[in-house]
Each structure stands twice: as structure tokens, then as C-alpha cells.
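In my numbering, the protein residues as written are 72 to 381.
By construction, the Cβ of each residue, glycine as well, lies at the ideal position given by its N, Cα and C atoms.
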Ligand SMILES: [Zn+2]
């Protein structure tokens, strides 16, 4: 009987500050799942990593007087060390500044351009710099982002950038979620996504103008790739080397944007289970050296479990 394949990912985290307990919560939960499936003889690929191309990371680096590249290198290392201390058995730790990810994102964008999925237009609207997300007036409460109601994070943007024809994929996405219920589980999440789609999909801005940090838009140095589009592609680029090494595709991730990438990029897709881990309230951060000082002790405990870990 063929070995059952199981592709497992965490979300990737912004590296604008040190890792917190909320980071370890997701890492440990995902690690437990990975180990569970390995014990049952499944061929597991466990992907985790860091989301590094956001404007707010560039700002955090500048606020500390650091070069942004040096800042993300330093922070990403802290996240990797935290994962090591806790014996997280990932197969790849992807950074969205990794060369193969940058090339992969630009490959997808070139495919969209070839497919006629991208056009230039003017975006005018509201943007939360902390969420790195576009909002409508009706999404705000007292003029503030509901996730960042304690501070003023909303900017009014008017800029020329590139739009993706999301509306073109309305029917294809509806059909996908309706005809293949196994693609997204549990049912509550599938219904939530179908609800977004059925309310009508609008074309979305997928680039930002005049930024000095981020993945350059192919053939247009004045634009960088919108960070969410770049980040979500990691669930594909993170496994490409593995696919090439084994000669078979095995994508198992995607809410709305990932299947969209796959439909628009003609990539194959499989079954997806949505994680239930919300971000919740911000928990204390692991700023101090204490957890990392325990590294040897944790390493020993991982070795003692012999055969389960990597
Ligand atoms: Zn926000």
C-alpha cells in the first residue's frame, strides 16, 4: 500500500518583534500533529517559517536604528532557536526572504500577467499598516481598525498599482468549495469561505508603490508585491523543493487565496484542513534569555524520545 502523504503547515509569523508564547502555542500544537502522523507511518512534511516582507517590519527595524536585512536575520534566528529549544520537528523553516521563495512569487506573478489576470489601476481607500490590509469605511469602528483600536494605524492611500482579477475566479472558487467539500475542512470554515465568495469577489490590489522593502514586482521596480500575496505563496514555494526531489506534487493548504494561486497558476491542489488556532489576545513575549538558556536540557529531552523526533 502506498504511504499516505501528509503536508502540515503553521502560519508564518511577522518578525517585527521577539517570539511570544502565542508563537510556541501554534508550533507545539502542529508539532504534536506531525509526530502523531509520523508514528502512524505517514510521509509527513512539516513547514513553518517567518513572514519578513511587511512594511511594519521595515518600520520596526528603522525605529531601532537597524538595517532591515540585518534586523530580519537577527529576529528569524530567534524564532528558529525558540523552535529548536522546544524540539519542534519541522522539515523546513521557510523565510519569505529566501531566494527560492522570491523566485517562486515572481514566477506566479509572471503567470498571472501571461494569463491576463493583472491590470494597472488606482487604488484609493483605507489601509491598516499594522494588519497590512485594506479596509472599507464600514470595517472601522470610530475610524480605527478593530484589531488595533488602541492606536491610529489607518492610512488613506491613493496610489497606482496592480490589481488581480479576483472577480474572474468567483465561479471557479464557488464550484471548488461546493463540489469538493473535502478540499476545506471543517465544514464551518468551508461555509465561512463560501459566504465570503458568495457575497461577491472584487478585484484586489496586489502591489504597493514606492516601498524600499519587499519582493520587487517583475519588470516594474516602482512596485513591490503586496505582502499577503507574497506570504501566502509560501505554502507552495515551501514545498516545491520537496516536490522536485520526490517528483510528485502534494499541496495540502489553502483558504481562499491559496486555491486562487493554484487555479490562476495552473498548479495542482488537494485536500485542506483549516487550523482552528486563532491569534487571540497577545500573550507575554519571550524577550528574556531564560527559555533559550534551557536549550541543552530540551535538546536532551528530545534525544531521549529517540525515533520520534528528528
Ligand atoms: Zn489593523
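Subject >> Three-state class that DSSP yields for residue 131 in the structure shown >> reply: It is helical.
Original post:
What does a CB cutoff of less than 7 Å around residue 95 pick up in its chain, not counting 5 residues either side in sequence?
Top reply: Short of 7 Å from the beta carbon of residue 95, and not among the five residues preceding or following it, lie these beta carbons of its own chain, in chain order: 153 and 157.
**OP:** Quickly, what does DSSP pair residue 287 with across the bridge? List them, please.
**Re:** Within the DSSP secondary-structure output, residue 287 pairs in a beta bridge with 295.
Original post:
Taking C-alpha atoms, which residue in 259, 181 and 74 lies nearest to residue 190?
Top reply: That would be 181, whose Cα lies nearest to the Cα of residue 190.
Original post:
Going by the beta-carbon positions, is the gap between residue 164 and residue 136 smaller than 7 Å?
Top reply: Contact annotation: residue 164 and residue 136 have beta-carbon atoms that are not nearer than 7 Å.
Original post:
Is the stretch 109-128 in contact with the stretch 72-86, if contact means three or more CB pairs nearer than 8 Å?
Top reply: With the cut-off at 8 Å, the stretch 109-128 and the stretch 72-86 touch.
Original post:
Which stretch, first to last residue, makes up the beta strand (DSSP E) that contains residue 188?
Top reply: Per DSSP, residue 188 belongs to no beta strand (DSSP E) and is neither H nor E.
Subject >> Cβ-Cβ separation, residue 198 to residue 228 (assumed contact under 8 Å), whole Å >> reply: Confirmed, Cβ separation roughly 5 Å.
Subject >> Reduced DSSP secondary structure (H/G/I, E/B, other) of residue 264 >> reply: Reduced to three states, the DSSP call for residue 264 is helix.
Original post:
Rounded to the nearest angstrom, how far is the Cβ of residue 101 from that of residue 126, given a contact under 8 Å?
Top reply: Incorrect: roughly 27 Å between the Cβ atoms, too far for contact.
Subject >> Environment of residue 212 [buried if 16+ CB atoms lie within 10 Å] >> reply: When all chains shown are included, residue 212 counts as exposed.
Subject >> Top-ranked residue by Cα proximity to residue 204, from 188, 299 and 104 >> reply: Considering only alpha carbons, the answer is 299.
Subject >> Nearest-angstrom Cα separation, counted from residue 219 out to residue 188 >> reply: Between the alpha carbons of residue 188 and residue 219 lies a distance of about 33 Å.
**OP:** Under the assumption that residue 85 contacts residue 122 (Cβ atoms under 8 Å), give the Cβ distance between them as a whole number of angstroms.
**Re:** Sure, about 5 Å apart at Cβ, within 8 Å.
Original post:
Say the cut is 6 Å; is the CB of residue 218 nearer than that to a heavy atom of ligand 1?
Top reply: Taking the Cβ of residue 218 as the reference point, at least one heavy atom of ligand 1 falls within a distance shorter than 6 Å.
Original post:
Taking DSSP as the reference, what is the three-state secondary structure of residue 76?
Top reply: Strand at residue 76.
**OP:** Out of 231, 131, 256 and 105, point me to the one whose CA is closest to residue 294's CA.
**Re:** When only C-alpha atoms are compared, the closest one is 231.
Subject >> Span of the alpha helix (DSSP H) around residue 163 >> reply: For residue 163, there is no enclosing alpha helix (DSSP H); the enclosing beta strand (DSSP E) has its first and last residue at 163-166.
Subject >> Spatial neighbours of residue 214 in its chain, beta-carbon cut-off 6 Å, leaving aside the 5 residues before and after >> reply: Result list for residue 214: empty, nothing under 6 Å.
Original post:
Using DSSP with H/G/I as helix, E/B as strand and the rest coil, what is residue 370?
Top reply: Model confidence at residue 370 stands at a pLDDT of 37, short of 50, so the residue's coordinates are unreliable; what they give is reported in the following sentence. Collapsing the DSSP output to three states places residue 370 in a helix.
**OP:** Using alpha carbons as the reference points, say which of 194, 142, 274 and 244 lies closest to residue 268.
**Re:** Nearest of 194, 142, 274 and 244 to residue 268, Cα basis: 244.
Original post:
Cβ of residue 224 within 6 Å of any heavy atom in ligand 1?
Top reply: Annotation for residue 224 indicates a beta carbon within 6 Å of some heavy atom of ligand 1.
Original post:
Hey, quick one: how far does the beta strand (DSSP E) through residue 119 stretch, first residue to last?
Top reply: Residue 119 -> beta strand (DSSP E) spans 114-122.
Original post:
Just reading off the beta strand (DSSP E) that residue 254 is part of, what are its end residues?
Top reply: Annotation: residue 254 is outside any beta strand (DSSP E) and is labelled neither H nor E by DSSP.
Original post:
Terminal residues of the continuous alpha helix (DSSP H) containing residue 147?
Top reply: That run of the alpha helix (DSSP H) goes 139-156.
**OP:** Could you work out which residue in 282, 277, 142 and 255 is closest to residue 304 when comparing CA atoms only?
**Re:** When the alpha-carbon of residue 304 is set against those of 282, 277, 142 and 255, the nearest one is in 277.
Original post:
Quick one, which of 159, 147 and 271 has its alpha-carbon nearest residue 97's?
Top reply: Ranked by how close their Cα comes to the Cα of residue 97, the residues 159, 147 and 271 have 159 in first place.
**OP:** Can you tell me which of the three DSSP states residue 305 falls into?
**Re:** Assigned with DSSP and collapsed to three states, residue 305 falls in helix.
Original post:
Mind checking residue 140: buried by the 16 CB within 10 Å criterion, or exposed?
Top reply: Classification of residue 140: exposed, given that the 10 Å Cβ count is below 16.
**OP:** In angstroms with no decimal places, state the Cα-to-Cα distance between residue 174 and residue 281.
**Re:** Distance between the alpha carbons of residue 174 and residue 281: 21 Å.
**OP:** Give the range of the beta strand (DSSP E) segment to which residue 228 is assigned.
**Re:** It spans 225-235 - the beta strand (DSSP E) in which residue 228 sits, taken as one unbroken run.
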